[in-house]
Amino acid sequence: LREDIKDKKDGAHGPRKHHNHIFEWTVGDKELTDAAFNKAEVTIKEMISYHRTHPSPLETCQCVCSFDKVKGELTIWGTFQAPHVIRTVVSLIAKLPEQKIHVIAPDIGGGFGNKVGAYPGYICAAVASIVTGKPVKWVEDRIENLTATSFARDYHMTAEIAATREGKVTGLRVHVLADHGAFDACADPSKWPAGFFNIVTGSYDFPVAHLAVDGIYTNKAPGGVAYRCSFRVTEAAYCIERAMDILAQKLGMDPAELRLKNFVKPEQFPYHSALGWEYDSGDYHTAMRKAMESVKYAELRQEQAAKREAFKRGETREIMGIGVSFFTEIVGAGPSKNCDILGIAMFDSCEIRLHPTGAGIARMGTKSQGQGHETTWAQIIATEIGIPADNIMVEEGNTDTAPYGLGTYGSRSTPVAGAAIAMAARKIKAKAQMIAAYKLEVHEDDLEWDIDGFRVKGLPEKFLGMKDICWIAYNSPPPGMEPGLEAVSYYDPPNMTYPFGAYICVMDIDVDTGVYKVRRFYALDDCGTRINPMIIEGQVHGGLTEAFAIAMGQEIHYDESGNVTTGSFMDFFIPTAVETPKWETDYTVTPSPHHPIGAKGVGESPNVGGVPCFSNAVNDAFSFLGSTHIQMPHDYWRNWKAARELGAVG
């Protein structure tokens, strides 16, 4: 078993009583891709590892289970990102009908994908309470969290790009060895955990591509959790963004210019990628150029050239790196047509109920862990039906009151639940329009919406506001109309959404110590329609901080016997305000054409785009010394080691 730790390739094929090869998954046209490489003027090939890491939320996983033997009912309070999923799983295991199980997720101290699954601790607590008839609490301590709870990444990717001498890409070939630990932490031990890796073509117009993924079990703790990403999107983005930089280095091209040369063009959307996805919308060139102009990119390259000359002359021991990354993410899981491999439809839901006095309550199948759902959901409803956001109570996390939903992860809340909210609000608005037409004695088509009510076209003085409509709906509705003003919507999206962004990092590294300083980090995100800019800003800041930690020091490390050596925050890097860089944020807006309000999702984008940007900055800093690729994480020791191996340290 030690060989699984030391050499995963041997672990997939070595002698075993039971083999540990979970799946082999391929997508794309292998024959056409091989032909493109055979004809290519330039090719690159690199093994790019994305090390094992952990979401490490501030609050660990925990629950309290209480079984009422008289009623035969089980109540579970816990830190769940998907409360309805927990209820269903417990029902199947405990053989209790779902109406007898009450799952309540109170305020949660972070999730990041770590709290989606039904962990053994939850099940043990539930079973113990059923058997004893007494409340049972399970609280995971930090050591257990960092040793046994689901891990992320641990993907080892061999990437190849074929291109012309002028820098036009002609083919992509990727093989992935996916280490899923001793068993899988995701929904199904199948190809699903790698299901979105075929976004690996990124933002680029590859004519042909082929992807092969081998999943293996090893003697590590369970892997496969989607840490602030949609099922391997982060690994895919890191793979293609490092590969594009390596290609630029071989061609002697600027990495930003290489990207501009190969972006999917605006007129190509909806764009069908070589690996099967249909990108909904994008304007990559505008975003990249805005980022370059904002940081004065050309001047930075001039400064870097001057510093390199100074380094060669022995005038400085500091090297400068400029990292560029451009990502396209696939989020909003998801459409039944894409998620059928799980055997479930990943819809989401909303119920809105307006009261006679004009206030209301909205219940969703999502569960916030700090994303600000209470603000965002109320704002969507306020925009759609004119009820002030302060008069709308948002409730999540209680399976007795909320409609069935799949929860919050994979940046699916706004793309899926946000759409369900808008659709439910529009059902209410349609009924409100019928009430207004009746009271104003006009046809429905003669009315127009005006912020918080309906006005008769051409007669602005004839107006009926939503507050009055609410009262009428309960007390004097039109003849034949049911009283009340409420609606439920279940939204099964027609497609995923595709947020994107352009990130640029400027970093200085002291070759004698390996100490780095992030001088500047600029992040431009396009998440479609922006509902609440302050919420978006907070999400981007948090995601970038996690990306910084992953790229620059965070790693789950094992000794030669397979023991975790990073079982506390003394050893596992969690950046504080002291280490965290200052973030510069920006945006463009390219709405999703199929989403009811044009929103795409943003919570995971900074983690997806931030990691390759940091890594590209480090690799760019060392590139003039002859380095092609240095594996993450880029902590002080690894930077010093790279400098010594490249001859920069005497």
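My numbering numbers the first residue of the sequence shown as 278 and each following residue consecutively.
By construction, the Cβ of each residue, glycine as well, lies at the ideal position given by its N, Cα and C atoms.
Assumed close pair residue i, residue j - CB separation to whole angstroms, cut-off 8 Å
| i | j | result |
| --- | --- | --- |
| Val-982 | Ile-523 | Look at the range of the chain in this structure, 278 to 927, and you will see that residue 982 is not part of it. |
| Gly-684 | Pro-397 | Actually they do not touch by this definition, with Cβ atoms about 19 Å apart. |
| Ile-827 | Thr-330 | 5 Å |
| Ile-657 | Ile-812 | With a Cβ gap of about 12 Å, Ile-657 and Ile-812 do not count as contacting. |
| Pro-504 | Gly-390 | One detail in the question is off: residue 504 reads as Tyr in this sequence, not Pro. Contact holds; Cβ gap of about 5 Å. |
| Met-829 | Phe-891 | 6 Å |
| Ala-764 | Ile-705 | 5 Å |
Helix, strand or coil at residue i [DSSP, three-state]
| i | result |
| --- | --- |
| Lys-527 | helix |
| Asp-557 | coil |
| Gln-581 | helix |
| Pro-466 | Note on Pro-466: pLDDT 49, under 50, position unreliable in the model; the coordinate value appears next. Three-state result, Pro-466: coil. |
| Thr-653 | helix |
| Lys-322 | strand |
| Lys-563 | The sequence given here places Thr at residue 563; Lys does not occur at that position. Correct three-state label for Thr-563: helix. |
| Ile-658 | helix |
| Val-572 | helix |
| Asn-840 | coil |
| Asp-311 | helix |
| His-296 | coil |
| Tyr-494 | coil |
| Ile-629 | strand |
| Arg-430 | strand |
| Lys-739 | strand |
| Ala-714 | helix |
| Asp-456 | strand |
| Glu-301 | strand |
| Gly-674 | coil |
| Val-926 | coil |
| Glu-595 | strand |
| Arg-921 | helix |
Rounded C-alpha distance that separates residue i from residue j
| i | j | result |
| --- | --- | --- |
| Val-885 | Thr-511 | 5 Å |
| Glu-308 | Pro-484 | 13 Å |
| His-911 | Phe-825 | 10 Å |
| Arg-430 | Ala-679 | 33 Å |
| Glu-586 | Thr-822 | 32 Å |
| Asp-345 | Trp-354 | 14 Å |
| Gly-501 | Gln-579 | 42 Å |
| Tyr-913 | Val-926 | 14 Å |
| Lys-739 | Thr-634 | 21 Å |
| His-834 | Ser-845 | 12 Å |
| Leu-724 | Pro-665 | 21 Å |
| Arg-509 | Phe-473 | 6 Å |
| Gly-805 | Leu-741 | 32 Å |
| Tyr-481 | His-906 | 21 Å |
| Ile-607 | Val-393 | 19 Å |
| His-296 | Gly-878 | 39 Å |
| Ser-869 | Lys-527 | 36 Å |
| Ile-400 | Arg-364 | 11 Å |
| Met-928 | Asp-789 | Only positions 278 to 927 of the chain appear in the structure, and residue 928 is not among them; the question remains open. |
| Gly-591 | Asp-802 | 39 Å |
| Ala-636 | Tyr-751 | 13 Å |
| Ala-425 | Thr-495 | 14 Å |
| Asp-418 | Asn-675 | 25 Å |
| Gly-647 | Thr-867 | 25 Å |
| Cys-340 | Ala-498 | 21 Å |
| Trp-654 | Val-783 | 36 Å |
| Ala-436 | Pro-332 | 26 Å |
| Leu-577 | Ile-599 | 8 Å |
From the options, residue whose alpha carbon lies closest to that of residue i
| i | options | result |
| --- | --- | --- |
| Pro-412 | Ala-403, Ile-420 and Gln-710 | Ala-403 |
| Val-366 | Tyr-775, Asn-391, Ala-395 and Thr-853 | Ala-395 |
| Glu-651 | Lys-877, Arg-640 and Val-319 | Arg-640 |
| Gly-839 | Glu-443, Asn-315 and Ala-459 | Ala-459 |
| Lys-614 | His-487, Glu-718, His-457 and Pro-770 | Pro-770 |
| Glu-301 | Ala-313, Leu-488 and Pro-374 | Leu-488 |
| Pro-889 | Pro-737, Ser-602, Glu-318 and Val-541 | Ser-602 |
| His-298 | Leu-454, Lys-589, Arg-703 and Thr-441 | Leu-454 |
| Gln-358 | Tyr-686, Thr-867, Ala-920 and Ser-882 | Tyr-686 |
| Gly-929 | Gly-791, Asp-836, Lys-859 and Val-783 | What is shown of the chain runs 278 to 927, which leaves residue 929 out entirely. |
| Leu-537 | Glu-881, Ala-779, Asn-893 and Val-783 | Ala-779 |
| Ile-669 | Val-362, Arg-566 and Ile-698 | Ile-698 |
| Asp-727 | Phe-777, Phe-546, Asp-677 and Thr-660 | Thr-660 |
| Ala-533 | Tyr-494, Ala-575 and Ile-629 | Ala-575 |
Neighbour flag for residue i against chain C, beta carbons, 7 Å
| i | result |
| --- | --- |
| Thr-774 | Annotation note: the requested chain C is absent from the structure, which comprises a single protein chain. |
Secondary structure, beta strand (DSSP E): runs of 3+ residues fully inside the segment 847-919: 861-864
Inside the segment 349-427 only - alpha helix (DSSP H) runs reaching at least 4 residues: 360-371, 397-409 and 419-424
Contained beta strand (DSSP E) runs [length at least 3] in the segment 747-832, N- to C-terminal order: 762-768, 777-787 and 793-803
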